[in-house]
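Position 20 of the sequence shown, counting from 1, maps to 20 under our numbering, and the rest follow consecutively. Even for Gly, the Cβ is constructed at its ideal location relative to N, Cα and C. To start, the structure under review is shown below, and the notes come after it.
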Amino acid sequence: VYAQTLTFYMVFGLLASTALSLFAREILLLLATERYMGANPVIGILAMSAVFNGLTYIAATGATLAKKTWPIGATIILAAIINIILNVMLVPRYGKMGAAVSTLLSQAFMPICLFAWSQRIYPIAYRFGHVIVLAVGSLFLMGLGANMQPSNLWLGILEKSALLLAFIPAAAFLRLRIS
């Protein structure tokens, strides 16, 4: 059950973050004023950060079941320190993009450390390979979407929808393989 929780969470979390990344511009055009259009490049990064933040809870499952939870608090504190250091280094030079990358890296640090710790004290048969393939595929689609320069809004929506639809069969294929 725990292993499937990881897979389901990542399928839906990555699908949502990929969709937010691909359609950030269109969402901002629909819901915000021109002032907020500058947020477009960081939406996907922050959405992926949220996925990693949620992944932290799944990563802590083994430690929680083993009743050895001190690394959870220590990891959160370390991630906060990493975030502060990265913000000091990246924000002056890269602005909001530096802040978004700092958040992504510090949020990714937590589940990586907690999975490593938890697997040593309470092994769970997670399918990390499938999840990594999905995450790389999601990042690839986000990158393709970020580099698209559609000639008009509707063509862009159509092209980005096609990219997002490419995620669904890949996720379904990986889901079938772990059942």
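Among the options, the one whose alpha carbon lies nearest that of residue i
i, options, result
"LEU134", "GLY54, ILE43, ILE112 and ALA171", "ALA171"
"LEU164", "VAL1, ALA16 and ALA3", "ALA16"
"SER106", "GLY54, ARG35, PHE23 and PHE173", "GLY54"
"MET37", "ALA47, THR56, ARG25 and LEU46", "ARG25"
"THR7", "TRP154, PRO150, ASN147 and TYR126", "TYR126"
"LEU30", "LEU153, PHE173 and PHE128", "LEU153"
"GLY44", "PRO150, GLY145, TYR57 and GLY156", "GLY145"
"PRO111", "TYR9, THR56 and LEU28", "THR56"
"ALA3", "ILE124, MET97, GLN149 and GLY129", "ILE124"
"ALA63", "ARG120, ILE84 and GLN149", "ARG120"
Range covered by the alpha helix (DSSP H) that runs through residue i
i, result
"TYR122", "Careful: TYR122 lies outside any alpha helix (DSSP H) and carries neither H nor E."
"GLU34", "Segment: none, GLU34 is in no alpha helix (DSSP H) and carries neither H nor E."
"GLN149", "Element bounds for GLN149: n/a, residue is neither H nor E."
"TYR9", "2–22"
"THR64", "61–65"
Beta-carbon gap between residue i and residue j smaller than 7 Å
i, j, result
"THR61", "CYS113", "no"
"ALA108", "PHE167", "no"
"LEU141", "THR18", "yes"
"SER102", "LEU14", "no"
"ALA80", "VAL42", "no"
"MET48", "LEU90", "no"
Residue i burial status per 10 Å Cβ neighbour count (16 or more: buried)
i, result
"SER161", "exposed"
"TRP117", "buried"
"VAL1", "exposed"
"THR12", "Reading off the sequence shown, one finds Phe at residue 12, where the question assumed Thr. Classification for PHE12: exposed."
"SER151", "exposed"
"LEU22", "buried"
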